[in-house]
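Enquirer: Below is a structure I'd like to ask you about.
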Amino acid sequence: MQDTMSAPQPVLLFAGQGSQYYNMGRALFDTNPTFRNTMLGLDEVAVRLTGLSVIEYLYDGNKRYPLDRLLYSHPAIFMVQYALARTVSELLPAAPAYVLGSSLGETVAAAVSGAIPAEDMLEIVIRQAALVERSCAEGGMITLLHDQTIFENEPALYMNAVIAAYNYDAHFTLSAAKTALSGISSFLHTREIMYSVLPVKYAFHSSEMEKIGALFLDGNRDKHFSLPVIPFYSSVYAREWYDISITYFWQVIRRRIRFKEAIESLEKSGPYYYIDCSPSGTLKNLTAKIAPASISGRLFDVLSPFGKDGEKLKTLQTAIHHISKQISLTLKT
């Protein structure tokens, strides 16, 4: 009998700040009972803690401005991805081989893994958002399309920002204070370097987050974690991780994102097929750049700012069916 891992196993991916937009997941909210009921249940937690309905804010008309108010965007990113993971899991013949999140997406991965109830994790997410808004100076995050050595060689960058993530070759993200952002943007514009300012109003993964460290840890000591039921892959340590705790999620906020290394490590033990549960397909695109060219047929997403979420969910269902048949044939040989 061949090793069952010769047939691809599913890995669910979850993204963080910068992936959000108004009406994300709206088509599934309107048509898919699992997605809708999960969103409604989590929204009750948000209303209880903040007095605000994330669903009403997210789906109430077409907003013109970025969804960058943390008290809304943090829980919205969590809720939409967790609801999609529940929806996708109903299509899978068995539990995912791994869950893997990037930055805030690690909170979703932990809830999906079974290490903590989703409602408790959402409380932590909302508390984090409130702490950052109350205690941290505004800042931002900028993604550059350029070789990373420019950061080491240009004082305009290394004197004013820190690297939050190496996404793939010639693509990395900086975190900086609000006062430094305009100067960084001007420098990049003058040098004709392509960049994108993320819809994030704070410098996550920078020293600015130290202001909430003790408050975040002390304020969430009431939350209890267990060993994950579904294996949890860490973007802090770039390997499978078992010791999921509130201390771990402080490291998620503060440390550099190692999603690239996590994917590279996973690919050495695969093959896997990856289902991007992010609102915008961000991680599908990153994974395609990180992993070998052969991975292109093993990458799927569902949600997109451009719509067609229902069609993409059906496409995913068909792909899962074909892969499941492949696994069945592997088991018989």
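In terms of UniProt numbering, the sequence shown opens at residue 1 and continues consecutively.
Each residue gets a CB set at the ideal place from its N, CA and C atoms; glycine is no exception.
Since we're looking at a predicted model, the values are computed, not measured.
1. Which of the three DSSP states is assigned to residue 114 in this structure?
2. Just to confirm, are residue 144 and residue 181 a CB contact at a threshold of 8 Å?
3. Taking the straight line between their C-alpha atoms, what separation do you get for residue 8 and residue 273?
4. Would you identify the three-state DSSP class for residue 285, choosing helix, strand or coil?
5. Give every residue of the same chain whose Cβ lies closer than 6 Å to the Cβ of residue 156, excluding the five residues on either side of it in the sequence, and list them in chain order.
6. Taking residue 261 as the reference, which of 92, 169, 195 and 113 has the closest Cα?
7. I need the boundaries of the beta strand (DSSP E) containing residue 39, first residue and last residue.
8. Less than 7 Å between C-beta atoms, sequence neighbours within five positions excluded: which residues of the same chain meet that for residue 15?
9. Whole alpha helix (DSSP H) runs in the region 223 to 280 with 4 or more residues, listed along the chain?
10. Which two residues bound the contiguous beta strand (DSSP E) that contains residue 10?
11. At the level of alpha carbons, what is the spacing between residue 333 and residue 323?
12. When you compare only the Cα positions, how much space is there between residue 38 and residue 94?
13. Between residue 120 and the rest of its own chain, which residues show a CB-CB distance below 7 Å, the 5 nearest in sequence each way excluded?
14. Which whole-angstrom value is the C-beta distance of residue 82 and residue 118, which I expect to be below 8 Å?
15. Can at least three beta-carbon pairs, one atom from the region 71 to 85 and one from the region 15 to 26, be found at a separation below 8 Å?
16. Which same chain residues, not among the five before or five after residue 237, have their C-beta less than 8 Å away from its C-beta?
17. Touch check for the region 283 to 295 and the region 239 to 250: three-plus C-beta pairs under 8 Å?
18. What is the residue span of the alpha helix (DSSP H) that residue 74 lies within?
19. Just the C-alpha distance for residue 126 and residue 292, rounded to the nearest angstrom, thanks.
20. In whole angstroms, what is the alpha-carbon distance linking residue 268 and residue 36?
21. So, helix, strand or coil for residue 137, using DSSP?
22. If you count every other CB in all the chains shown that lies within 10 Å of the CB of residue 207, and 16 or more means buried, which is it?
Expert: With the structure as the only source:
1. coil
2. no
3. Between the alpha carbons of residue 8 and residue 273 lies a gap of roughly 6 Å.
4. Here DSSP, grouped into helix, strand and coil, assigns residue 285 to helix.
5. When the five nearest sequence neighbours on each side are left out, the beta carbons in the same chain lying within less than 6 Å of the beta carbon of residue 156 are those of 187, in order along the chain.
6. 169
7. Element bounds for residue 39: not the beta strand (DSSP E) but the alpha helix (DSSP H), 33 to 50.
8. 102, 105, 278, 282 and 283
9. 246 to 254 and 259 to 269
10. 9 to 14
11. Legend: pLDDT at residue 333 = 49, less than 50; position of this residue unreliable, no value from coordinates given.
12. 20 Å
13. Cβ contact annotation for residue 120 (same chain, cutoff 7 Å, sequence separation greater than five): 223, in chain order.
14. 5 Å
15. yes
16. 258
17. Flag = no, the region 283 to 295 and the region 239 to 250 do not touch.
18. Per DSSP, residue 74 belongs to the alpha helix (DSSP H) from 70 to 89.
19. 37 Å
20. 37 Å
21. Here residue 137 sits in coil by DSSP.
22. Under a 10 Å Cβ-count criterion, residue 207 is classified as exposed, with fewer than 16 other Cβ atoms of the shown protein chains found around its own Cβ.
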